[in-house]
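One structure below.
Encoded structure:
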């Protein structure tokens, strides 16, 4: 199918994806500035943040990913014209998902120290990590509501509020970071602790702003009424979770694999995780753009499933990957053109900067396979087969950990060995997912709602 045949889906895809892109870019710039502020104080903060963010995001992403089941069912119901079914599953998500926020709060507030010790975090970093997570823990209570808001906006093809929420949250975070990290306007300089307080205040403010929009705006298509939320059945939530659990476990396994990678890096030296974190920070700026396209792709392919529209399914997937490949190519060019300048934003040590250049190149090359996994994976989820992505991630997690251990412990390749494992994992899974996508793309013959 030619690109011209896909042009009619550019508008619908970008209508969903573009506001999510802008919101995510704003968030990433916020985190980037956060890291840049801390990097001005001490390089060791990069390793601390890496050890904090990886396990914390592993648990948070599980909550977000679990809601994808409801998102798929709602999208398919809207495509099939069944608004009552969509309202029931949306109401169940809004009502019952909040239990997970309380569980996450308790986990990180009371058990954070044990988690970091189990990760093999250096003793010089543990107190910083524990302090940060205890301060941040209240945000986790609001996380399920944020997840429900995201599903509501995405399935309604109305994601613009995410932009305004991102501006509020990020603007406040940067301002408070500057005040609390460096000690401005009479506030004591608190370093990493100040960053944690600033981020927590900003996240709560942004989350409440998003919630207000959901409640106040009356014409959001998939926003359930209060009465629908109150009478929503727990069984409907469980059905959504059964579909979403595969995606949640998939994300959990990916993050768990990344967590083990951090543990392996910690065994190399105290700065290895920091180098990996910096490369990942640059990569994530591209990944959030591609991931936003994946969000739009899953919604529109889910609607295509509901309508039994083979053409829309194939066209949206092809268009989303084409745009993702362009983003990957631009990132790769930057990684080859100005790698030292990018790394130098986070590190002051010239030897450290010079030794990290090759890892930026690895990351840029890896983006093409990662793009394939994001876009093809979301098309497969939109089709309704979330179990497939779990199976490929189980394989991928075992593969990447095994290869990383082999490269580091047997062949003594250090950080290079870790990147070889990560690149190999993304490429192999991309080929597997491409084969699966090709096997289901002829919807006229094979499409079934499961």
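In my numbering, the protein residues as written are 401 to 850.
Ideal Cβ positions, reconstructed from N, Cα and C, are used throughout, including at glycine.
Keep in mind it's a predicted model, so treat the numbers as computed, not measured.
If you run the structure through DSSP and keep just helix, strand and coil, what is residue i?
| i | result |
| --- | --- |
| residue 553 | helix |
| residue 435 | helix |
| residue 781 | helix |
| residue 498 | coil |
| residue 621 | coil |
| residue 534 | helix |
| residue 795 | helix |
| residue 467 | coil |
| residue 680 | helix |
| residue 744 | coil |
| residue 847 | Because the pLDDT of residue 847 is 49, which lies under 50, any placement of that residue in the model is unreliable, and the number read from its coordinates should be weighed accordingly. Here residue 847 sits in coil by DSSP. |
| residue 485 | helix |
| residue 545 | helix |
| residue 421 | helix |
| residue 442 | coil |
| residue 510 | helix |
| residue 697 | helix |
| residue 671 | coil |
| residue 505 | helix |
| residue 588 | coil |
| residue 448 | helix |
| residue 762 | helix |
| residue 686 | helix |
| residue 768 | helix |
| residue 462 | helix |
| residue 401 | The pLDDT assigned to residue 401 is 49, lower than 50, so where the model puts this residue is not dependable; a value taken from the coordinates is nonetheless given after this. Coil, per DSSP. |
Is residue i buried or exposed, if buried means 16 or more other CB atoms sit within 10 Å of its CB?
| i | result |
| --- | --- |
| residue 741 | exposed |
| residue 435 | buried |
| residue 497 | buried |
| residue 521 | buried |
| residue 484 | exposed |
| residue 638 | exposed |
| residue 726 | exposed |
| residue 451 | buried |
| residue 714 | buried |
| residue 506 | exposed |
| residue 420 | buried |
| residue 495 | buried |
| residue 462 | buried |
What residue range does the alpha helix (DSSP H) around residue i cover?
| i | result |
| --- | --- |
| residue 571 | 561-582 |
| residue 725 | 710-737 |
| residue 519 | Premise fails: residue 519 is in no alpha helix (DSSP H) and is neither H nor E. |
| residue 830 | 815-840 |
| residue 641 | 634-668 |
| residue 602 | 591-616 |
| residue 630 | 626-630 |
Under 8 Å by Cβ, that's how I've got residue i and residue j pegged, so tell me the actual separation to the nearest angstrom.
| i | j | result |
| --- | --- | --- |
| residue 797 | residue 653 | 5 Å |
| residue 504 | residue 548 | The Cβ separation is near 15 Å, so there is no contact. |
| residue 526 | residue 517 | 7 Å |
| residue 678 | residue 746 | 5 Å |
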